[in-house]
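Asker: After the C-alpha cells below, expect a handful of questions from me.
There are 2 protein chains.
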Amino acid sequence: MINKLIENIKKTEAPIVVGLDPMLGYVPKYILDKAVKEQGETLEAAGAAVWEYNKGIIDATCDLIPAVKPQIAMYEQFGIPGIEAFKKTVDYCKEKGLVVIGDIKRGDIGSTSTAYAVGHLGKVQIGSKKLSGFDEDFVTVNPYLGSDGVNPFIDVCKEEKKGIFVLVKTSNPSSGEFQDKKINGRPLYEIVGEKVAEWGAGCMGGSYSYVGAVVGATYPEMGKVLRKIMPKTYILVPGYGAQGGTAADLKPYFNEDGLGAIVNSSRGIICAYKQEKYAQYGESGYAEASRQAVIDMKNDISSIF
Amino acid sequence: MINKLIENIKKTEAPIVVGLDPMLGYVPKYILDKAVKEQGETLEAAGAAVWEYNKGIIDATCDLIPAVKPQIAMYEQFGIPGIEAFKKTVDYCKEKGLVVIGDIKRGDIGSTSTAYAVGHLGKVQIGSKKLSGFDEDFVTVNPYLGSDGVNPFIDVCKEEKKGIFVLVKTSNPSSGEFQDKKINGRPLYEIVGEKVAEWGAGCMGGSYSYVGAVVGATYPEMGKVLRKIMPKTYILVPGYGAQGGTAADLKPYFNEDGLGAIVNSSRGIICAYKQEKYAQYGESGYAEASRQAVIDMKNDISSIF
C-alpha cells in the first residue's frame, strides 16, 4: 500500500492528503437543513449531512489528490450513524482510487491491538468467512504502550499489504509536555522515531517502509532531525495551514528524491468556502472551493522543490 | 460519577471491574451457532452473539460488582454491528446500575479530542437538540499528546459529571519501552502521574478526583510510587489474573481508607468456564461460572485488607 501511495503521489504530483474531518459547523446549512427535514434533529441526520458534504468534496478533488485522511473522532461523535458515515466515506474514497488513511490513533496491547488492526485494516474470522469491519489502507497508531501495541498492527499490515503511521511528534502546542522530555540528553520523540525506523526496517515496500510516522509541520527543526533518524520512513505531516505550518516549514520533511512526506490539510481544504479568499464560491460552491484550495496548496508546496 | 463509583464499590464491597472484552473464541458455541443460523456467517451474527454472551454475564454478576469495562476494540473488530453491540452493552449495564468505563484509550488534540469526549461522555449539538452518541460514565484516555489531548475530556467531564482514567503505566511487558525512560533520573510514567494529579486537582468529586489513572497490576513497585504521587487519584488496575498480577501485588494501589483503586479482570471472569477450576459449569453455565469467578476474585482481593 505504501507503493500505491507513492504511485498516487507521483501521478498527481501532489504530496497532499485531504483531512476529511467534518465538524457539523463546516457543513453548508442547506445540506444540514435537508437532512434535518428528512430525519429530524437526529444523529441520523448528522450522519447523512456529513456523508453528503464529504461526497461533494471527494468528487471535486479526487482527480487531484493521492489520498484522504478521515478523522474518525469527527464521525464517532455522532454515535453509530456517524460511524456509518465514516464507513461510507472510506468505501467511496477507495472506489475513487484514493488511498485512505484512517486517522484513528488507536493503540492498546496484544489481542486488543490485534482487534483494532483486524477491524480497521484486516479481516475478522467468523465461522468459515473472513470479513472486513472497516477497510482503511493505513491507520495512525499511538506508540505509548510500546512494541506490544504496535506489532499487532504490523502483523496485520504484512498479511494485508497495508500500512500504519505511528505518532512520533504531534503538531499541537502541548505535544512537548511528554514528547520533548529529555532522556540521556535526547527528546522522547527521537527515541520513538528510532523505534519507528526499527519497526519499519522489516517492512519495506520498495524504497520506503509501510511503517510510517506522524511528525507535525509546526516543528520543522524537529522534523529535520527525525527525517535523518528515519530515512526510509514515510512521514505524514499534519499542522500545515490552519495550525500554522507553512510551505517553507515542510522542506526538511522530504528526502532528496522529492518523496518521503505527505502533508495533511483538513480545515484549509474542506472548509475553504468560509475563507475570505474563496468567498466567491459561496456555500453552494463549497466543493469547488475545496478543489481550488487543493490546487493552491499543491502550488504552494511545489514551490519548495 | 466518581462518587457513584465509590458508592457502588462500598455497597458491593468489591473494588472490582469486569472487563467485557468478548473475543469470539470466548463466546460459547451454542450462542454463536444460533446467531449464525439466524444471520449467516456475518458481522451481524458476530455482533448478536457478543451481545447475548455479554447479557448473560451482566445478568449473572451485576448485583456483585460496581462497574464494568467494555473494551471497544473487541467490538470495533466487527465493524458497525460490533459497535452496535458495544452500545447495547453500555446502555444495558447502565440500566442495571453499573458504572460503565469505556476502555477506548482515545487521545487526540483540540477539537478532535473534544469530538471523542462528546461522542463517548457528552452530548453533540444537532440543531436545537443535544444528543448522546455513546454514553459511558468514564473512558480511558491516552496522554501522549499532552494537555491539549486531555483537557477537552476534562471539560466534558465537568459539564456531564463524568470521569476519565489516563494511561500512566500500562500492564504489558513492553510498556517500559517509552514509559520507563528516565527523565532527569525519573521515569516518564512518574512525570505523567504528576500531570494526572495536577489535572485532577481541579476535578474533585469528594475525597477523590474524577481524573483517574491506569496503572498495571504487573508493576507493584511502580504502583507504590504512583500511589504516593497521585494520592487523590482513583487507580484503575488492569493485569490481575490472566496477565499475572496477584492479590498481594494489589495492596500498594489502595489507600489506607481501603479505597483509591479498582481492579479489572476480563478473561478471568468472562471466560471462567474455560478454566479447569470452573469446568463443572460447562459451556451453558458460562454466566454462572463468571458469577463464581467474581465471588472468588472478591474474596481473593479482600484478603489484602
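Going line by line, the protein sequences match chains Y and D. Heads up, the first sequence is in the working numbering, so the first residue is 1090 and it goes up one at a time. Heads up, the second sequence is in the working numbering, so the first residue is 1090 and it goes up one at a time. Every residue gets a Cβ at the ideal spot worked out from N, C-alpha and C, and that includes glycine. No experiment lies behind these values; they were computed from the predicted model shown.
If you count every other CB in all the chains shown that lies within 10 Å of the CB of Y/E1365, and 16 or more means buried, which is it?
Answerer: Translated into the one-based positions of the first sequence, residue 1365 of chain Y becomes position 276. With fewer than 16 Cβ atoms within 10 Å of its Cβ, Y/E1365 is classed as exposed.
Asker: Would you check if the distance between the CB atom of Y/K1258 and the CB atom of Y/L1348 is smaller than 8 Å?
Answerer: On the first sequence, position 169 is the one that residue 1258 of chain Y refers to. On the first sequence, position 259 is the one that residue 1348 of chain Y refers to. Not a contact, by the Cβ cut-off of 8 Å.
Asker: Closest Cβ-Cβ distance between Y/S1296 and chain D: below 8 Å?
Answerer: The count along the first sequence starts at 1 and reaches residue 1296 of chain Y at position 207. It does not; no Cβ of chain D falls within 8 Å.
Asker: How about Y/D1244 and Y/V1188: are their beta carbons less than 8 Å apart?
Answerer: Indexing the first sequence from 1 puts residue 1244 of chain Y at position 155. Indexing the first sequence from 1 puts residue 1188 of chain Y at position 99. Their beta carbons are not under 8 Å apart, which means Y/D1244 does not touch Y/V1188 by this criterion.
Asker: Just reading off the beta strand (DSSP E) that Y/Y1299 is part of, what are its end residues?
Answerer: For this step, residue 1299 of chain Y is matched to residue 210 along the first sequence. First-last of the beta strand (DSSP E) with Y/Y1299: S1298 to V1304.
Asker: So, does the CB of Y/G1216 fall closer than 8 Å to a CB anywhere in chain D?
Answerer: Locating residue 1216 of chain Y in the first sequence gives position 127, counting from the first residue. With 8 Å as the cut-off, Y/G1216 counts as an interface residue toward chain D.
Asker: Closer than 7 Å between beta carbons: that is the criterion. Which residues of the segment 1151-1181 of chain Y meet it against chain D?
Answerer: Cβ contacts with chain D: Q1160, A1162, M1163, E1165, Q1166, F1167, G1168, I1169, G1171, I1172, E1173 and K1176.
Asker: So D/I1161 packs on D/D1197, CB below 8 Å; how close in whole Å?
Answerer: Position 72 of the second sequence, counted from the first residue, corresponds to residue 1161 of chain D. Position 108 of the second sequence, counted from the first residue, corresponds to residue 1197 of chain D. Not really, about 15 Å apart at Cβ, beyond 8 Å.
Asker: Quick check on Y/E1165: buried or exposed, where buried means 16 or more other Cβ atoms within 10 Å of its Cβ?
Answerer: For this step, residue 1165 of chain Y is matched to residue 76 along the first sequence. Result: buried.
Asker: Comparing the C-beta of Y/N1353 with each C-beta of chain D, is any distance below 8 Å?
Answerer: Taking the first residue of the first sequence as position 1, residue 1353 of chain Y is located at position 264. Not one chain D Cβ lies under 8 Å of Y/N1353.
Asker: When DSSP labels each residue in this structure, what does D/D1192 get in the three-state scheme?
Answerer: Locating residue 1192 of chain D in the second sequence gives position 103, where the first residue counts as 1. Looking at D/D1192 - three-state DSSP - the assignment turns out to be strand.
Asker: Could you tell me which of D/S1379, D/F1394, D/K1387 and D/I1390 sits nearest to D/K1144, measuring between CA atoms?
Answerer: Within the second sequence, residue 1144 of chain D is the residue found at index 55, counting from 1. When only C-alpha atoms are compared, the closest one is D/S1379.
Asker: Note down the Cα distance separating D/L1210 from Y/S1391, rounded to an integer number of angstroms.
Answerer: As a working note, residue 1210 of chain D is residue 121 in the second sequence. As a working note, residue 1391 of chain Y is residue 302 in the first sequence. Using only the alpha carbons, I get a separation of about 43 Å.
Asker: What residue does the alpha helix (DSSP H) around D/K1317 start on, and which one ends it?
Answerer: Against the second sequence, residue 1317 of chain D aligns to sequence position 228. P1309 to I1318 is the extent of the alpha helix (DSSP H) around D/K1317.
Asker: Strictly below 8 Å CB to CB, what residues from chain D border Y/I1120?
Answerer: Within the first sequence, numbered from 1, the residue matching residue 1120 of chain Y stands at position 31. Per Cβ cutoff of 8 Å: no residues; Y/I1120 is ~13 Å from chain D at best.
Asker: With distance defined between alpha-carbon atoms, name the residue in Y/Y1299, Y/K1185, Y/L1234 and Y/K1176 nearest to Y/S1038.
Answerer: A query on residue 1038 of chain Y cannot be resolved here, the shown segment of chain Y reaching from 1090 to 1394 and no further.
Asker: With distances taken Cα to Cα, identify the nearest neighbour of D/Y1398 among D/M1311, D/A1135 and D/K1218.
Answerer: Residue 1398 of chain D is absent from the structure shown; chain D starts at 1090 and stops at 1394.
Asker: Identify whether Y/M1293 lies in helix, strand or coil by the three-state DSSP scheme.
Answerer: Numbered from 1 along the first sequence, position 204 holds the residue referred to as residue 1293 of chain Y. Reduced to three states, the DSSP call for Y/M1293 is strand.
Asker: Cutting at 6 Å between CB atoms, please list the residues of its own chain near Y/Q1268, excluding the five before and the five after it.
Answerer: As a working note, residue 1268 of chain Y is residue 179 in the first sequence. Here the set comprises K1258, L1277 and Y1278.
Asker: Report all residues from its chain with a CB closer than 7 Å to the CB of Y/Y1308; omit the five preceding and five following residues, and keep chain order.
Answerer: By 1-based counting over the first sequence, the position of residue 1308 of chain Y is 219. For Y/Y1308, where only same-chain residues beyond five positions count, the Cβ hits under 7 Å are K1258.
Asker: In its own chain, which residues sit with a C-beta less than 6 Å from the C-beta of D/D1338, not counting the 5 before and 5 after it?
Answerer: Translated into the one-based positions of the second sequence, residue 1338 of chain D becomes position 249. Closer than 6 Å at Cβ, skipping near neighbours: A1306 and P1309.
Asker: According to a CB-to-CB cut-off of less than 8 Å, which residues of the segment 1232-1265 of chain Y neighbour chain D?
Answerer: Listed by position along the chain: P1232, Y1233, L1234, G1235, S1236, D1237, G1238, L1256, T1259, S1260, N1261, P1262, S1263, S1264 and G1265.
Asker: Candidates Y/G1199, Y/Y1115, Y/I1154 and Y/Y1329: which alpha carbon is nearest Y/Y1142's?
Answerer: Position 53 of the first sequence, counting from 1, holds the residue named residue 1142 of chain Y. Ranking Y/G1199, Y/Y1115, Y/I1154 and Y/Y1329 by Cα distance to Y/Y1142 puts Y/Y1115 first.
Asker: Taking the alpha helix (DSSP H) that Y/T1203 falls in, what are its first and last residues?
Answerer: As a first step, residue 1203 of chain Y must be located in the first sequence, where it is residue number 114. Counting along the chain, the alpha helix (DSSP H) containing Y/T1203 begins and ends at G1199 to H1209.
Asker: Please check if any C-beta of chain D sits within less than 8 Å of the C-beta of Y/T1131.
Answerer: If you number the first sequence from 1, residue 1131 of chain Y lands on position 42. Interface residue, yes.
Asker: Inspect the beta-carbon positions of D/V1139 and D/P1111 and report whether they are closer than 8 Å.
Answerer: For the purposes of this step, residue 1139 of chain D is identified with residue 50 of the second sequence, where counting begins at 1. For the purposes of this step, residue 1111 of chain D is identified with residue 22 of the second sequence, where counting begins at 1. In this structure, D/P1111 lies closer than 8 Å to D/V1139 by Cβ.
Asker: With DSSP collapsed to three states, give me the class of Y/A1350.
Answerer: As a working note, residue 1350 of chain Y is residue 261 in the first sequence. Of the three classes helix, strand and coil, the one that applies to Y/A1350 here is strand, per DSSP.
Asker: Could you say which of Y/N1344, Y/W1288 and Y/I1393 lies nearest to Y/T1335 if we only look at CA atoms?
Answerer: Along the first sequence, read from residue 1 onward, the residue named residue 1335 of chain Y stands at position 246. The residue with the shortest Cα to Cα distance from Y/T1335 is Y/I1393.
Asker: D/G1274 CB to nearest chain Y CB: under 8 Å?
Answerer: By one-based count along the second sequence, residue 1274 of chain D stands at place 185. No, its Cβ sits nowhere closer than 8 Å to a Cβ of chain Y.
Asker: Checking contacts by CB at 8 Å: is Y/K1123 closer than that to chain D?
Answerer: Taking the first sequence and counting its residues from 1, one reaches residue 1123 of chain Y at position 34. Not one chain D Cβ lies under 8 Å of Y/K1123.
Asker: Leaving out the 5 sequence neighbours to the left and right, which residues in its chain are closer than 6 Å to Y/G1289 when beta-carbon positions are compared?
Answerer: Taking the first residue of the first sequence as position 1, residue 1289 of chain Y is located at position 200. Closer than 6 Å at Cβ, skipping near neighbours: S1298, V1300 and T1322.
Asker: What residue range does the beta strand (DSSP E) around D/G1252 cover?
Answerer: Stepping through the second sequence from its first residue, residue 1252 of chain D is reached at position 163. Segment G1252 to K1258, the beta strand (DSSP E) holding D/G1252.
Asker: Using the beta-carbon of each residue, which ones in chain Y are nearer than 7 Å to D/I1198?
Answerer: Along the second sequence, one-based indexing puts residue 1198 of chain D at 109. The contacting residues are T1259 and N1261.
Asker: In the DSSP assignment, find the unbroken beta strand (DSSP E) run with Y/F1227 in it and report its ends.
Answerer: Here the question's residue 1227 of chain Y lines up with position 138 in the first sequence. Segment F1227 to V1230, the beta strand (DSSP E) holding Y/F1227.
Asker: May I ask you to verify whether the segment 1120-1135 of chain D touches the segment 1091-1108 of chain D, counting CB pairs closer than 8 Å and requiring at least 3?
Answerer: Contact fails: fewer than three Cβ-Cβ distances are below 8 Å.
Asker: Is the shortest distance between the beta-carbon of D/F1227 and the beta-carbons of chain Y less than 8 Å?
Answerer: Taking the second sequence and counting its residues from 1, the one referred to as residue 1227 of chain D is at position 138. Answer no: the Cβ-Cβ gap between D/F1227 and chain Y never drops below 8 Å.
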